[in-house]
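Report on one structure; see the data block that follows.
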Amino acid sequence: MGENVSENKLLVKEIAAAGHEIGNHTYSHCDLSTLAGRQVTQEIDDMRRELQKVLPYYEIKYFRPPYGRYTLQTEQAAGMDMALWTADSGDWESPCADDIYRNSTTDIKSGDVIIFHDDNRQTVRTLDDILTILEQKGFQFVTLSQLREIKK
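Numbered per the numbering used here, the sequence shown spans residues 828 to 979.
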């Protein structure tokens, strides 16, 4: 989210330097489905401007609407490809590390995109275990752009 970029400049730079893809999740995490097109565009543009202050040449390719809520107008106003998830860790609903682990490792299939949130300490605590078990099951982790290339 754009409002978190300035206070996390070093982390944002580390994420990009490690080869991770950074998407646009709006500036203030508002429900885009309730906004007019120009307001959606403003949220997307404000986030992009914040990121450019830290990573001036970084090109954001995707946006994820907060709460997964959007309309056709939202999608058009955003002006970029939308990225959603196919598997939910449930970390927004249950702060329990065991639940997050179970939701993220059960019934996962090739090509899934699992949604996690950075404001849940239990997610951070169990993420290494999740990545390890999925790797042991033969999964490889790729960026969204790489995944979309594979699916072509």
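By construction, the Cβ of each residue, glycine as well, lies at the ideal position given by its N, Cα and C atoms.
Practice task
Could you give the DSSP three-state label for Met874: helix, strand or coil?
Solution key: helix
Exercise for the section: Kindly indicate the opening and closing residues of the alpha helix (DSSP H) around Glu886. Expected result: Glu886 -> no alpha helix (DSSP H), and no H or E assigned at all.
Problem - C-alpha gap between Ile960 and Asp858, whole angstroms - result: 34 Å
Practice task
Might you give, ordered along the chain, the residues of its own chain that have their beta carbon closer than 6 Å to the beta carbon of Ser855, omitting 5 neighbours on each side?
Solution key: Glu830
Problem - Residues bridged to Ile849 (per DSSP) - result: Ile849 pairs with nothing; no bridge assigned.
Practice task
Answer with buried or exposed for Val969, where buried requires no fewer than 16 other C-beta atoms within 10 angstroms of its C-beta.
Solution key: So Val969 ends up on the exposed side.
Practice task
Reducing DSSP to helix, strand and coil, say where Asp925 ends up.
Solution key: helix
Problem - Whole-angstrom distance between Gly965 and Arg929, CA atom to CA atom - result: 17 Å
Handout entry: Residue environment, Asp918, which counts as buried when at least 16 other CB atoms sit within 10 Å
Key = buried
Practice task
Give me the Cα-Cα distance between Asp946 and Ser916, rounded to the nearest whole angstrom.
Solution key: When only Cα atoms are considered, Asp946 and Ser916 end up about 13 Å apart.
Practice task
Could you name the residues of the same chain whose beta carbon sits closer than 6 Å to that of Met874, not counting the 5 residues immediately before and after it, in chain order?
Solution key: Gly829, Asn851, Thr853 and Tyr854
Practice task
Could you tell me the distance, in whole angstroms, from the CA atom of Thr933 to the CA atom of Ala914?
Solution key: 10 Å
Practice task
Compute the Euclidean distance between the alpha carbons of Ala845 and Leu838, then round it to the nearest angstrom.
Solution key: 10 Å
Problem - Helix, strand or coil at Asp956 according to DSSP, with G and I counted as helix - result: helix
Handout entry: CA-to-CA distance, Ser972 to Trp912, given in whole angstroms
Key = 14 Å
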